[in-house]
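Laid out in structure tokens, this is it:
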């Protein structure tokens, strides 16, 4: 299908969009925290992919190539957002507080407090990781990419990716134990 799209088939490219759109949107949304921005960036990713597809050398690496376009678009978005925030004094807090894990059987108010505390602690841990450790961690455990795919997306060799992942896991475990994360049973 990638070969057909590369040869100019719009219907083959539309099939690729259908196949990867949800994964790209999820990855972008997790990093931008707003649906509107995630939708815009996802659309930009596929527009850029369509334009650059004829230059793709290895069609078997389409997925990791697409994810690397998305990562770069999110980085561009983050740089612009940081620049704009220099002129607006609003602090939105931790990036991770907006997520909503499902907690079954909880009264709504108690469950909401537990969720907020959980994501606040996760955000504190993630803030202690380096940018590259955080990116590798998220690509592996949120986006469910393989080490090989992460290597291709970030343009690093696999042993470097494994090192970043190992360091991220060690820091995550150390910080999770000091922050009381996962120690208590949920009410």
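In the working numbering, the protein residues as written are 253 to 439. Note that CB positions come from ideal geometry on N, CA and C, so glycine has one too.
query: Going by Cα to Cα distance, which pick from 275, 279, 254 is closest to residue 311?; result: 254
query: Going by the beta-carbon positions, is the gap between residue 322 and residue 388 smaller than 8 Å?; result: no
query: Could you round the C-beta distance between residue 318 and residue 290 to whole angstroms and report it? I think they count as a contact, below 8 Å.; result: Going by Cβ atoms, the distance from residue 318 to residue 290 rounds to 15 Å, so no, they are not a contact pair.
query: I'd like to check one pair, residue 326 with residue 293: are the Cβ atoms closer than 8 Å?; result: yes
query: Using CA coordinates, which residue listed in 257, 381, 417 is at the minimum distance from residue 397?; result: 417
query: Using a Cβ-Cβ cutoff of less than 6 Å, which residues in the same chain neighbour residue 419 once the five nearest sequence positions on both sides are dropped?; result: 385
query: I need the straight-line Cα distance from residue 351 to residue 285, nearest angstrom please.; result: Its pLDDT being 47, under 50, residue 351 is placed unreliably in this model, and the coordinates cannot settle the point.
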